[in-house]
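Participant: Those protein sequence lines, which keep their order, are chains A and B.
When the count follows my numbering, it moves up by one through the first sequence with no breaks and lands on 358 for the last residue.
When the count follows my numbering, it moves up by one through the second sequence with no breaks and lands on 322 for the last residue.
Let me begin by handing over the structure; questions about it come next.
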Amino acid sequence: MLQTVLDTKPMNSLASARDAHLTAYRFMLLARVLDDRFAALWRAGRIHGGVFLSRGQEALSAAIGVSLKKGDVFAPLIRDAAGRLAFGESVLDAARTYLGSALGPMRGRDGNVHRGKPREGYLPMISHLGAMISVVNGILLARRFKNIPGTVGVASIGDGATSTGAFHEALNQAAIEKLPLVLVVADNQYAYSTPTSRQFACKDLTDKAVGYGVEAHSVDGTDLTACLKVVGNAIARAREGHGPQLVVATLLRLCGHGEHDDANYIDLKIKKSPVGRDCLKVAGDFLLRQKWADAASLKTLRDEVLHEVEEAVAQAQREPAPDPFVEEWRAISSRHLSETHEEV
Amino acid sequence: MSITYLEAIREAQAHALRDDPRVFIYGQDVGVFGGAFKATKNLAKEFPGRVLDAPISEDAIMGLAIGAAIEGMRPIIEMQFADFSTVGFNQIVNQAATLFWRTTVPCPITVRLPMGGTSGGGPFHSQCMETIYAHYPGLIVLTPATVEDAYSMLLEAVAIDDPVIFCEHKFLYYHLKAEKLPSEALPVGKARIAREGRDMTIVAYSAMVHEALEAAKELSPEGWEVEVVDLRSVKPLDTDTVMASVARTGRLLCVGEAWPWGGVTAEVIARVTSEGFGLLDVPPQRLNAKDTPVPYHPNLWTAHRPTAHAIADAARKLLRL
């Protein structure tokens, strides 16, 4: 396994480290506040379908988002609220998708975490785990065909998705083509209710990298500083032409799979272990210790974020819902080839 | 000079690669080897870097094609056998087929499926997949029966902005020949009257068109004039041409090499009976493969799929009703 170099480019000066932390922390907090708001709306019956929170995974996810550049590719998974925002998603689009606004990117056709803007390199996940990785490969290969250098693509998955055939096929494919893919695994100890002991038998998920011939990195997913360093380094290595990078972050999902799930299966011992730390609190404490923030500035930040979320939710709620009578019930773009056969 | 159905497929791909820098080919053994059936023969040499061997990973092959299509490329995917596309099924039906509807971003991919039975192929190298793909919204499913259609419809498939499942019949690869490649063609979505007749309509597609034409020939000396409609594309399905033919003949037999449950033949009959019940003089019938996996031995295989004789027998029963 590759030892991550501590002195990476985005963190090579104290000022840039401070900026990276503050930027990432803001997205972490924004994601947490937005999640809390969605959970409240769900409990109030205002959201159709499920609500899936990112609680406990914000540090890792934000580190991805702030380490990517414009023009890069990001295929987030369920618990990437922070990374999505850091990659450029607006709070309003997130709210629109959860609240089913016709003006949102998914126009009520899909909801919750199934949102994205493929033209902007931000891919909307399908529910089948591991399926987005090879799609990122395809975009990266196309960039190579088009002689657009320097693109990196990140695909996020969980420990559960490492068991899929799609994961295996896509990581192997990326390795064969030496694509600048960074595959970030959030090992959050449970795939829905299934513990990792029933998911894989290798000692560490990074062991898998050897079999694919790719570089691997481990990181404490509860520690923003570590996430920024390790994810940032993996992305830099991919960008420099070192081929696919596998990042495995250890953390704990601090909520149910969705808000319908009370997560009573989570082992109390893990909750109380360092893996169960809340990354948002850890990051906040770090900012205070470094004197990069104080109680007042954190309070101001929280107020700002709360305001931003309230505005977005209020606007999304005012927007029209999709109308089945004006909906164009056509699944292909070639209008002339849509079925002439209509139901009577 | 004559050109086979298989050569037409190769020529169409060469044409697409020549005309459009966005086109590339990706699939197992398609590179220097030229493909299991040689449908990409010499293309890797002619178009360096644009005809890529893929690992045996149908899911990732399709996923990569989808990503490339999002980025504006026009991938042509060769599934070595249509049967193996089930391994990439998830990407095809859940990712490619839903992308435009979810996001307004089109997904221009052509998936070539060498399909259908050949003697000795057996259960896993003989399947017809058109029914299963036509069932999913968001896909276009083509089933060319002639050399000309193999060429022109493949070119059109590459130009279409949506995912196209291109079902090319292996039985026709070497048998079927034409004098030259066509300069013009019916567009995708239009069926073709392969033979005119007044007494009954046989609707068929892919290799079954030729069995149906043979059956029509067999019935001709008996005094029956059978019309054969070649669907060409099963999705979209040209209901108008079928209905117009049934309006002329009053009798309908649908023939498909796929399994009987549901499917293209059932769909055609459902449409004709619900929209053109009054056009029918007798109940419509259909003939499909038997409801078992496709057998290996030629004795069993020829009895499993509809043949010209079996079609003629079914037609006689229908004509005597």
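Every residue, glycine too, gets a C-beta built ideally from N, C-alpha and C.
This one's a predicted model, so the numbers in the text were calculated from it and none came from an experiment.
Taking A/Glu318 as the reference, which of A/Leu36, A/Arg51, A/Leu44, A/Pro194 has the closest Cα?
Facilitator: Your numbering for residue 318 of chain A matches position 304 in the first sequence. Nearest C-alpha to A/Glu318: A/Leu44.
Participant: So within the stretch 262-316 of chain B, which uninterrupted alpha helix (DSSP H) runs reach at least 4 residues, ignoring any that extend past its ends?
Facilitator: You should have 264-277, 299-305.
Participant: Please list the partners that B/Ala66 has in chain A, where partner means a Cβ-to-Cβ separation under 8 angstroms.
Facilitator: Your numbering for residue 66 of chain B matches position 65 in the second sequence. Within 8 angstroms Cβ-Cβ: Gly152.
Participant: List the residues of chain B whose Cβ lies closer than 9 angstroms to the Cβ of A/His274, in chain order.
Facilitator: Locating residue 274 of chain A in the first sequence gives position 260, where the first residue counts as 1. Result: empty, since nearest Cβ-Cβ is about 23 angstroms, beyond 9 angstroms.
Participant: Identify which residue in B/Arg19, B/Cys129, B/Ala146, B/Thr5 has its Cα closest to the Cα of B/Phe38.
Facilitator: Within the second sequence, residue 38 of chain B is the residue found at index 37, counting from 1. It is B/Thr5.
Participant: Going straight from the alpha carbon of A/Ala200 to that of A/Asp94, what length do you get?
Facilitator: Numbered from its first residue, the first sequence carries residue 200 of chain A at position 186. Numbered from its first residue, the first sequence carries residue 94 of chain A at position 80. Cα to Cα, the separation comes out at about 10 angstroms.
Participant: Around the Cβ of A/Leu282, are there at least 16 other Cβ atoms within 10 angstroms (buried) or fewer (exposed)?
Facilitator: For the purposes of this step, residue 282 of chain A is taken as the residue at position 268 of the first sequence. It counts as exposed.
Participant: Alpha carbons only, please: which of A/Glu229, A/Gly118, A/Leu265 is nearest the one belonging to A/Gln259?
Facilitator: Working through the first sequence from its first residue, we reach residue 259 of chain A at position 245. The residue with the shortest Cα to Cα distance from A/Gln259 is A/Glu229.
Participant: A/Thr111: which of A/Lys131, A/Arg344, A/Phe101, A/Val150 sits nearest, CA to CA?
Facilitator: Taking the first residue of the first sequence as position 1, residue 111 of chain A is located at position 97. Selected option, being the one with the closest Cα: A/Lys131.
Participant: If you draw a straight line from the alpha carbon of A/Phe224 to that of A/Pro194, how long is it in whole angstroms?
Facilitator: One-based indexing of the first sequence puts residue 224 of chain A at position 210. One-based indexing of the first sequence puts residue 194 of chain A at position 180. In the sequence as displayed, the identity of residue 224 of chain A is Val instead of Phe. If I take the Cα positions, the gap works out to 17 angstroms.
Participant: Measuring only between beta-carbons, confirm whether B/Leu18 sits less than 7 angstroms from chain A.
Facilitator: In the second sequence, residue 18 of chain B corresponds to position 17, counting from 1. Answer no: the Cβ-Cβ gap between B/Leu18 and chain A never drops below 7 angstroms.
Participant: What first and last residue would you give for the alpha helix (DSSP H) that runs through B/His16?
Facilitator: Numbered from 1 along the second sequence, position 15 holds the residue referred to as residue 16 of chain B. 6-20 is the span of the alpha helix (DSSP H), which, as asked, contains B/His16.
Participant: Roughly how many angstroms lie between the CA atoms of A/Phe41 and A/Ala76, to the nearest whole one?
Facilitator: On the first sequence, position 27 is the one that residue 41 of chain A refers to. On the first sequence, position 62 is the one that residue 76 of chain A refers to. Cα-Cα distance, rounded: 6 angstroms.
Participant: Closest to B/Gly28 by C-alpha separation, out of B/Arg19, B/Gly50, B/Glu59, would be which residue?
Facilitator: By one-based count along the second sequence, residue 28 of chain B stands at place 27. Comparing Cα positions, the closest option is B/Glu59.
Participant: Between the Cα of B/Val230 and those of B/Ile93, B/Phe85, B/Ala192, B/Ile10, spot the shortest distance and give me the residue it belongs to.
Facilitator: Indexing the second sequence from 1 puts residue 230 of chain B at position 229. The option with the nearest alpha carbon to B/Val230 is B/Ala192.
Participant: Mapping DSSP to helix, strand and coil, what is A/His231?
Facilitator: As a position in the first sequence, residue 231 of chain A is number 217, starting the count at 1. In the structure shown, A/His231 sits in a strand (DSSP, three-state: E or B).
Participant: In chain B, which residues lie less than 8 angstroms from A/Glu353 when you measure between Cβ atoms?
Facilitator: As a working note, residue 353 of chain A is residue 339 in the first sequence. Neighbours of A/Glu353 on chain B, chain order: Lys236, Pro237, Leu238.
Participant: Which one or two residues does DSSP pair with A/Gly64 in a beta bridge?
Facilitator: Looking up residue 64 of chain A in the first sequence gives position 50. DSSP output for A/Gly64 lists no bridge partner at all.
Participant: For B/Glu226, collect the residues of the same chain with a Cβ closer than 7 angstroms to its Cβ; drop the 5 residues on either side in sequence, then sort them by chain order.
Facilitator: Start at 1 with the first residue of the second sequence, and residue 226 of chain B comes out as number 225. For B/Glu226, where only same-chain residues beyond five positions count, the Cβ hits under 7 angstroms are Gly198, Arg199, Asp200.
Participant: Would you kindly check if the distance between the Cβ of A/Arg123 and the Cβ of B/Arg323 is under 7 angstroms?
Facilitator: Here chain B has residues from 2 to 322 only, and residue 323 of chain B is not among them.
Participant: Is the stretch 99-118 of chain A in contact with the stretch 68-78 of chain B, if contact means three or more CB pairs nearer than 8 angstroms?
Facilitator: The stretch 99-118 of chain A vs the stretch 68-78 of chain B: no contact.
Participant: Considering only residues of the same chain and omitting the five flanking positions on each side of A/Thr37, which have a CB-CB separation below 6 angstroms?
Facilitator: Looking up residue 37 of chain A in the first sequence gives position 23. Within the same chain, A/Thr37 has close Cβ partners Val80.
Participant: For the stretch 116-132 of chain A, which residues have a CB atom closer than 8 angstroms to at least one CB atom of chain B, in sequence order?
Facilitator: Against chain B - using a Cβ distance shorter than 8 angstroms - the residues of the stretch 116-132 of chain A are Pro119, Met120, Arg123, Asp124, His128, Gly130, Lys131, Pro132.
Participant: Using the DSSP secondary-structure output, state which residues sit across from A/Ile171 in a beta bridge.
Facilitator: Residue mapping note: residue 171 of chain A aligns to position 157 of the first sequence, counting from 1. Paired residues: A/Val199.
Participant: Less than 7 angstroms separating the beta-carbons of A/Trp306 and A/Arg32?
Facilitator: Taking the first residue of the first sequence as position 1, residue 306 of chain A is located at position 292. Taking the first residue of the first sequence as position 1, residue 32 of chain A is located at position 18. Cβ atoms of A/Trp306 and A/Arg32: closer than 7 angstroms.
Participant: Would you mind listing the alpha helix (DSSP H) stretches within the stretch 34-98 of chain B that are 4+ residues and don't spill past its ends, in chain order?
Facilitator: With a minimum length of 4 residues, the continuous alpha helix (DSSP H) runs that stay inside the stretch 34-98 of chain B are 44-47, 59-71.
Participant: Using only the alpha-carbon positions, how far apart do B/Glu72 and A/Ile92 sit?
Facilitator: Mapped onto the second sequence, residue 72 of chain B falls at position 71. Mapped onto the first sequence, residue 92 of chain A falls at position 78. Taking the straight line joining both Cα atoms gives about 24 angstroms.
Participant: Once DSSP output is grouped into helix, strand and coil, what is the label at A/Tyr136?
Facilitator: Counting from 1 along the first sequence, the entry for residue 136 of chain A is found at position 122. Note: A/Tyr136 maps to strand in three-state DSSP.
Participant: Does the separation of the CB atoms of A/Asn161 and A/Gly64 fall below 7 angstroms?
Facilitator: Along the first sequence, one-based indexing puts residue 161 of chain A at 147. Along the first sequence, one-based indexing puts residue 64 of chain A at 50. In this structure, A/Gly64 does not lie closer than 7 angstroms to A/Asn161 by Cβ.
Participant: Closer than 7 angstroms, CB to CB, is B/Ile141 near chain A or not?
Facilitator: For the purposes of this step, residue 141 of chain B is identified with residue 140 of the second sequence, where counting begins at 1. Yes, B/Ile141 lies at the interface with chain A (some Cβ there is under 7 angstroms from its Cβ).
Participant: How many angstroms separate the CA atom of B/Pro261 from the CA atom of A/Thr176?
Facilitator: Within the second sequence, numbered from 1, the residue matching residue 261 of chain B stands at position 260. Within the first sequence, numbered from 1, the residue matching residue 176 of chain A stands at position 162. Taking the straight line from one Cα to the other gives about 38 angstroms.
Participant: Could you say which of A/Lys243, A/Glu324, A/Pro338 lies nearest to A/Asp50 if we only look at CA atoms?
Facilitator: Numbered from 1 along the first sequence, position 36 holds the residue referred to as residue 50 of chain A. It is A/Glu324 whose Cα lies nearest to the Cα of A/Asp50.
Participant: Which class does B/Val243 belong to by DSSP, given the choice of helix, strand or coil?
Facilitator: One-based indexing of the second sequence puts residue 243 of chain B at position 242. In the structure shown, B/Val243 sits in a helix (DSSP, three-state: H, G or I).
Participant: Compare the Cα-Cα distances from A/His107 to each of A/Ala326, A/Phe339, A/Ser30, A/Met139 and report the closest residue.
Facilitator: Taking the first residue of the first sequence as position 1, residue 107 of chain A is located at position 93. Sequence check: residue 107 of chain A is Asp here, not His. It is A/Ala326 whose Cα lies nearest to the Cα of A/Asp107.
Participant: For B/Ala151, which option in B/Lys318, B/Arg11, B/Ala216 has the closest C-alpha, if you only look at C-alpha atoms?
Facilitator: On the second sequence, residue 151 of chain B is found 150 positions in, with the first residue counted as 1. It is B/Arg11.
Participant: Do you know offhand how far A/Leu48's Cα is from A/Val105's?
Facilitator: Here residue 48 of chain A refers to the residue found at position 34 when the first sequence is read from its first residue. Here residue 105 of chain A refers to the residue found at position 91 when the first sequence is read from its first residue. So the two alpha carbons sit approximately 8 angstroms from each other.
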